[in-house]
Every structure is written in structure tokens, then in C-alpha cells.
Amino acid sequence: MDGRNKRKLGSFGEEIAADFLIKSNYKIVNRNFRIGKLGEIDIIAWDGEYICFIEVKTRRSFLYGTPSEAVSKSKQAVIRNLAGIYLDRYGLNDSKARFDVIEIIYRDKADYDLNIIKNAF
0 MDGRNKRKLG SFGEEIAADF LIKSNYKIVN RNFRIGKLGE IDIIAWDGEY ICFIEVKTRR
60 SFLYGTPSEA VSKSKQAVIR NLAGIYLDRY GLNDSKARFD VIEIIYRDKA DYDLNIIKNA
120 F
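For the sequence shown, position 87 matches number 86 in numbering that gives the first Met the number 0, and the numbering has no gaps at all.
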């Protein structure tokens, strides 16, 4: 799969995840939060009293493992760093924070499986 198709699959997965979160009563406050070349957090949302920093991983199969297995220790460190910056920037350091992963196995627009892993790391 070339880079353009991977980005398209990833974007579609993020749309599925956002729809799921909204239907699950999350309040999305930011998408694709990026700071320069430090990295990006896919979705930031409130789930009750928790501010959740959510990584979305979309795959077409389990050939290379589960989508969540693709969230490496280095990617987790990037997300934690960006989350700290976000909390500082918006004066939310006293808030309860959580790191979640949403995994999506995509077959087509109407056929996919979604799994949310709360407190994934």
C-alpha cells in the first residue's frame, strides 16, 4: 500500500473513531493536535471527568498484529509529551488524564470492527 492509500485509510479510521466517540458521549475538543515536528495526537476528548488523548490505528487485517501493537513505546512517549504540552497550554494540569487507543479493522465503509482500549498506556 502506498503512502497516499495509508493516509486515506488512516483518515477514514479517524472519522469512524470520531463518530464512535460522539455516539458514546465523548466531547471532542481537538483533532490532529500537532506541535511542529514533535508529533501529533489524533483525537483529544473529554469522557466525563477524564481528558483523553486518543491514538487511532486502522488496519485491513491482523497480518502484522493488532492495530494497537503498532503504538510503539516511542509513539507513546511522543503522545505523553504532547499531552503534557496540551495540558500546560490550556491550564488543565489538575485534570484527570487518560491515554486510549482505538483500533479499527477496516474491510469497507460499512464493514469494520472497532475496539477502544481505555488506559492503554
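Don't be surprised by glycine CBs; every beta carbon is placed ideally from N, CA and C.
Can the beta-carbon of TYR49 be found less than 8 Å from the beta-carbon of ALA17? Their beta carbons are not under 8 Å apart, which means TYR49 does not touch ALA17 by this criterion.
Flag this pair as yes or no: are the beta carbons of ILE40 and LEU81 separated by less than 8 Å? Cβ atoms of ILE40 and LEU81: closer than 8 Å.
Can you give, in chain order, each stretch of the beta strand (DSSP E) that sits fully within the stretch 70 to 112 and has at least 3 residues? Those beta strand (DSSP E) runs which fall completely within the stretch 70 to 112 and span 3+ residues are 95 to 107.
So which of ASN31, TYR111, ARG58 and GLU54 has the shortest CA-CA distance to GLN75? For the residues ASN31, TYR111, ARG58 and GLU54, the minimum Cα distance to GLN75 belongs to GLU54.
PHE32 bridges to which residues according to DSSP? Its beta-bridge partners are ILE40.
In whole angstroms, what is the alpha-carbon distance linking GLY12 and ILE78? Cα-Cα distance, rounded: 18 Å.
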